[in-house]
Amino acid sequence: MDPIRLGMVGGGQGAFIGAVHRIAARLDGEFRLVAGALSSTAEKARASGTELGLDPARSYDDFRQMASREARLKDGIRAVAIVTPNHMHAAPAIEFLRRGIHVICDKPLTATMAEAKKLAAVAAKANALFILTHNYTGYPMIRQARAMVAGGDLGRIRLVQVEYAQDWLTEAVEASGSKQAEWRTDPSRSGAGGALGDIGTHAYNLAAFVSGEVPQALAADLSSFVPRRKLDDNAHVMLRYASGARGTLWCSQVAPGNENGLRLRVYGEKGGLDWGQEDPNRLWFTPFGQEKRLITRNGAGASPAAQRVSRVPGGHPEGYLEAFATIYTEAARAIRAHDAGQPVPEGVTYPTLTDGLQGMRFVEAAVQSAKRNAAWVTL
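Okay, so the sequence shown: first residue is 1 according to full-length UniProt numbering, each after it adds one.
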């Protein structure tokens, strides 16, 4: 089949995540970038389009112009990737959804809950899909862990512990011209959560994806350790689940020695699982009272859920870009089925608007809790 025609909003010159999305979109040959509104400034948008080899006629000055014209073209885009700062997620997503163009959006869903609710209302009426790129759910061993929990290998879940530690904001790099730090530490562009919204939402989503449970209440202690920083750079959150399970979430961007330390541990009555993003092809499983067992991506014990999103033979590492590509490929399968009037193929899994709303509620509740001296807040 021909690749799905893809547009992009944001992701122009100097943007890290835009390049990641473009690699992910083309890795499995499912998408072809044909149009873009790649920057908020017209000159930079056009220069970025030229660098990427876009037809000048389809390199737009703004996303509204792009949505209007592409929706009318016979060979217009079928999907758009939104890779802007958080405060610029809702408006373009709404614009494209209203025109029946599928949306693949970077996380978190939006900057505010009000924007999230407006987006959800539009998406509910749109004849198009909304995919959220919580890319860590694309790792084969995360799919393996999810299948094992759902299959009862751990028994009833008791404990969920997730952490996401980085160190790149240990100093006030936002004051020295770092583009990535500037918007992430600015409430007007990032929203109410700093580290909480940037990486905490990833941790929260991953825990829910694997455990199959969404917390009922939380208590959060948020800190801004760097002087004059307006948003949190560290968060400790306790979680309570309706099932009786308990959880903890720690996210930090001021933890020296940590580059991208996302780790998930889940414990049940019958055993436990342990996975770390920096060694993603390995999952440790320990049945209670027995030896610890290593499950690898294509090794003995790997489930069909893991194998269907693996690309290369065992012993050849798959990592961050491939996990990101899994989300795009799952999105492509869902888009093709949707446009053909067919149900989503069995096994196809990707983060949705529901996951995005849950992440927004998590940030909102954590901020409320912190303002009340870490009081428990119902989600």
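Idealized CB from N, CA, C, for every residue including glycine. Keep in mind it's a predicted model, so treat the numbers as computed, not measured.
Can you tell me where the beta strand (DSSP E) holding residue i begins and where it ends?
{"i": "N234", "result": "N234 to Y241"}
{"i": "I101", "result": "From DSSP, I101 is part of no beta strand (DSSP E); its letter is neither H nor E."}
{"i": "L294", "result": "R293 to T296"}
{"i": "T286", "result": "R282 to P287"}
{"i": "L132", "result": "F130 to L132"}
With H, G and I counted as helix, E and B as strand and the rest as coil, what does DSSP make of residue i?
{"i": "M1", "result": "coil"}
{"i": "G14", "result": "coil"}
{"i": "G76", "result": "coil"}
{"i": "P227", "result": "coil"}
{"i": "G314", "result": "coil"}
{"i": "V309", "result": "coil"}
{"i": "S39", "result": "coil"}
{"i": "F31", "result": "strand"}
{"i": "P108", "result": "coil"}
{"i": "G7", "result": "strand"}
{"i": "S59", "result": "strand"}
{"i": "A45", "result": "helix"}
{"i": "T137", "result": "helix"}
{"i": "A302", "result": "coil"}
{"i": "H87", "result": "helix"}
{"i": "Q290", "result": "coil"}
Once the 5 residues before and after residue i are set aside, which same chain residues still bring their CB inside 7 Å of it?
{"i": "L357", "result": "L109, A116 and A120"}
{"i": "Y136", "result": "I142, H202, L206, L262, Q277 and A323"}
{"i": "G238", "result": "Reading off the sequence shown, one finds Met at residue 238, where the question assumed Gly. Same-chain partners within the cutoff: L218, A219 and T248."}
{"i": "A332", "result": "I4, E30 and F31"}
{"i": "L264", "result": "V162, L206, A207, V210 and W275"}
{"i": "T349", "result": "E330"}
{"i": "A90", "result": "T110, E115, K118 and L119"}
{"i": "G314", "result": "T296, R297, N298 and G299"}
{"i": "D355", "result": "L132, H134 and N205"}
Leaving out five residues on either side along the sequence, give the residues of the same chain with a beta carbon under 6 Å from the beta carbon of residue i.
{"i": "G155", "result": "G268, E269 and K270"}
{"i": "F130", "result": "V103, A123 and L353"}
{"i": "H87", "result": "A111 and R189"}
{"i": "G228", "result": "The question names Gly, but residue 228 in the sequence shown is Arg. Excluding residues within five positions, none has a Cβ falling inside 6 Å."}
According to DSSP, residue i sits in a beta bridge with which residue or residues?
{"i": "Q277", "result": "DSSP, once it has assigned bridges, lists no residue as partnering Q277."}
{"i": "T50", "result": "According to DSSP, which records beta bridges pairwise, T50 is partnered with nothing at all."}
{"i": "residue 391", "result": "In the structure as shown, the chain begins at 1 and stops at 379. Residue 391 is therefore absent and cannot be evaluated."}
{"i": "I23", "result": "I23 pairs with nothing; no bridge assigned."}
{"i": "I82", "result": "V9 and C105"}
Once the 5 residues before and after residue i are set aside, which same chain residues still bring their CB inside 8 Å of it?
{"i": "A126", "result": "L97, R98 and G100"}
{"i": "D61", "result": "A37, A42, A45 and R46"}
{"i": "I77", "result": "R5, L6, G7, V34, A35, E70 and I101"}
{"i": "V312", "result": "E318"}
{"i": "A150", "result": "G212"}
{"i": "R56", "result": "This sequence places Pro at residue 56; Arg is not what is there. Here the set comprises R46, G49 and T50."}
{"i": "Q216", "result": "R240, Y241, A242, T378 and L379"}
From what residue to what residue does the alpha helix (DSSP H) around residue i run?
{"i": "L119", "result": "M113 to K125"}
- Query: Which runs of the alpha helix (DSSP H), 4 residues or longer, sit entirely within the UniProt domain "GFO/IDH/MocA-like oxidoreductase" (142 to 273)?
  - Reply: 179 to 184, 187 to 190 and 201 to 211
- Query: Counting only runs that start and end within the segment 322 to 374, where is the alpha helix (DSSP H) found for 4 or more residues in a row?
  - Reply: 353 to 371
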